[in-house]
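Quick note on this note's numbering: the sequence shown kicks off at 2 and runs consecutively. Yeah, the Cβ is synthetic: ideal placement off N, Cα and C, and Gly gets one too. A quick note: this is a predicted structure, and the numbers were derived from the prediction, not measured. Notes for the one structure printed next.
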Amino acid sequence: MILTIVLLAVVISLFLPAKTELERSIVINAPVESIFAEVNDLKKWPNWSPWNEMDPTMAMTYADKTAGEGASYSWEGDPNITGTGKLTITESRENEYIATDLDFGQQDTAIGYYTFENTGEGTKVTWGFETDHGWNPLSRWIGAVFIEPMLGPTFEDGLENLKTHVESLPSLPSDDEVSIVEVQPITYIGLGAKLDASNSEVISSTMADLYGRLMQYSEESGAEITGAPIAVYKSLGEEDIEVVCGLPVSSGTTIMHQDIKVDSTLGGEAVKAVHKGSYEKLPATYDKMNIFIDKNRRQAIGQPYELYITDPEEVTDTTQWITEVYFPIGRE
């Protein structure tokens with residue numbers, strides 16, 4: 002009797018689809034550039050991915066490249082929820098299409114994809130999934146019976162998360178605010194600090210303190226300030242940032258202070274963005290610049306820095322604050 006049931010199941014599987022295909026879509030009220038940036042950068046997936054919500058124990062290990070074609074990460078989680086596997090971005094067409102390979106180890110492999118389409122109501126995002134079961138009868142049964150009811154709601158949750166997250170982000174600067182320019186090195190006196198990237202209040206108060214100490218030193222020592230305050234980011238990590246707050250001075254300036262150092266930014270080509278608004282919205286400008294760098298097949302080769310053109314003490318309206326952001330670049 003059992004053998005008969007097994008044989009019947011195998012025979013029925015021959016008439017089941019050899020492939021499973023699934024799609025879910027949503028319209029997001031945000032520019033396609035903002036949405037694409039969240040999907041194209043694997044390190045941003047925890048902001049919206051449903052898998053992280055489903056399995057808080059899931060550990061992710063990123064490859065050296067985490068955005069665009071060739072980026073990848075592997076994961077290890079609860080065997081009953083996410084299991085183990087690897088995801089690789091195999092194709093990335095800016096603001097149009099992203100394809101991924103999914104390797105579930107000893108289980109099936111699959112293809113995931115995302116399409117982005119401008120509509121009159123916003124940006125339509127489609128999340129798709131394809132897997133080929135071949136002649137594997139068990140895999141065909143799983144595809145026919147389980148994948149749609151299991152993955153369908155999960156994809157819907159992920160798209161809803163993406164919509165909520167992206168619509169809460171500040172708008173990106175327009176294309177004409179980002180350009181490639183030639184810059185001269187800027188010599189500056191600086192004080193540095195390593196800070197928690199998630200604590201904006203501490204970052205703001207610490208930087209204000211560092212600039213205050215630099216101004217006091219410049220006044221006491223007679224050092225001539227030659228330009229707008231500068232912040233040079235030695236590192237910009239997910240958890241920590243290392244920043245040097247500086248005041249531009251003439252080349253050749255010497256300092257007699259155990260904490261304050263003299264340094265210079267990198268000269269040559271740089272991507273420049275003009276950010277208008279509060280400092281809290283600067284991460285969106287960085288996203289736009291990274292997309293611009295990838296689109297123009299350039300590579301960031303130095304430490305990014307910001308020039309604070311507007312003095313907040315003179316202009317209290319944050320919407321009028323002007324910040325110039327620079328990324329020194331080279332060719333790929």
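### Task
Let me know the alpha helix (DSSP H) ranges lying completely inside the stretch 157-235, each 4 residues or longer, listed in chain order.
201-222
### Minimum C-alpha distance to residue 331 - residue among 248, 113, 269 and 314
269
#### Entry: Which of helix, strand or coil DSSP assigns to residue 57
coil
### Proximity winner among 222, 239, 272 and 162, relative to residue 250 (alpha-carbon distances)
Among 222, 239, 272 and 162, the Cα nearest to that of residue 250 is on 222.
### Query
Which of helix, strand or coil does DSSP assign to residue 252?
Residue state, collapsed to three classes: coil.
### Query
So residue 80 is in the beta strand (DSSP E); what residue range does that whole segment cover?
Membership of residue 80 in any beta strand (DSSP E) is not indicated, and neither H nor E is assigned to it by DSSP.
### Task
Leaving aside the five residues before and after residue 120 along the sequence, list all residues of the same chain whose C-beta is less than 8 Å from its C-beta, in chain order.
28
#### Entry: Alpha-carbon spacing of residue 277 relative to residue 35, whole angstroms
17 Å
### Query
Quick one: any contact between the stretch 283-299 and the stretch 197-212, if contact means 3 or more CB pairs under 8 Å?
no
#### Entry: residue 306 beta carbon less than 9 Å from that of residue 327
Yes. Within cutoff.
### Message
So, does the stretch 93-107 touch the stretch 310-324, judging by three or more C-beta pairs under 8 Å?
### Response
The stretch 93-107, when compared against the stretch 310-324, does not touch it at the 8 Å Cβ threshold.
### Task
Give the secondary structure of residue 128 by DSSP, where H, G and I count as helix, E and B as strand, and everything else as coil.
strand
### Task
Could you check the C-alpha separation between residue 336 and residue 124 for me, to the nearest Å?
With the chain running from 2 to 333 in the structure shown, residue 336 is simply not present.
### Query
By a C-beta neighbour count over all protein chains shown, 10 Å radius and 16 as the cutoff for buried, is residue 199 buried or exposed?
It is exposed - the Cβ of residue 199 has fewer than 16 other Cβ atoms within 10 Å.
### Task
Measure the CB-CB distance between residue 303 and residue 245 and report whether it falls below 9 Å.
For residue 303 and residue 245, no; Cβs fall outside 9 Å.
### Task
Quick one: give me the first and last residue of the beta strand (DSSP E) that residue 119 is part of.
110-120
### Query
Closest to residue 77 by CA distance: which of 232, 85 and 187 is it?
When 232, 85 and 187 are compared, the shortest CA-CA separation from residue 77 is found for 85.
### Message
Quick test of your reading: residue 189 and residue 231, contact by CB under 8 Å. State the CB separation rounded to the nearest angstrom.
### Response
5 Å
#### Entry: Residues of its chain near residue 156, where Cβ-Cβ distance is below 6 Å and the 5 sequence neighbours each way are ignored
25 and 128
### Query
When you compare only the Cα positions, how much space is there between residue 309 and residue 213?
15 Å
### Task
Rounded to whole angstroms, what's the CA-CA distance from residue 271 to residue 187? Just pull it up for me.
13 Å
### Task
Output the boundary residues of the beta strand (DSSP E) element that contains residue 316.
From DSSP, residue 316 is part of no beta strand (DSSP E); its letter is neither H nor E.
### Query
Where does the unbroken beta strand (DSSP E) through residue 327 begin, and where does it stop?
323-332
### Message
Here's the rule: buried if 16 or more other CB atoms are within 10 angstroms of the residue's CB, otherwise exposed. What is residue 50?
### Response
So residue 50 counts as buried.
### Message
If I measure Cβ to Cβ from residue 60 and keep anything under 8 Å in the same chain, skipping five residues before and after, which residues do I get?
### Response
76, 77 and 78
### Task
Take residue 161 and list the residues in its own chain whose beta-carbon comes closer than 8 Å to its own, dropping the five residues that flank it on each side.
27
#### Entry: Spatial neighbours of residue 158 in its chain, beta-carbon cut-off 7 Å, leaving aside the 5 residues before and after
51
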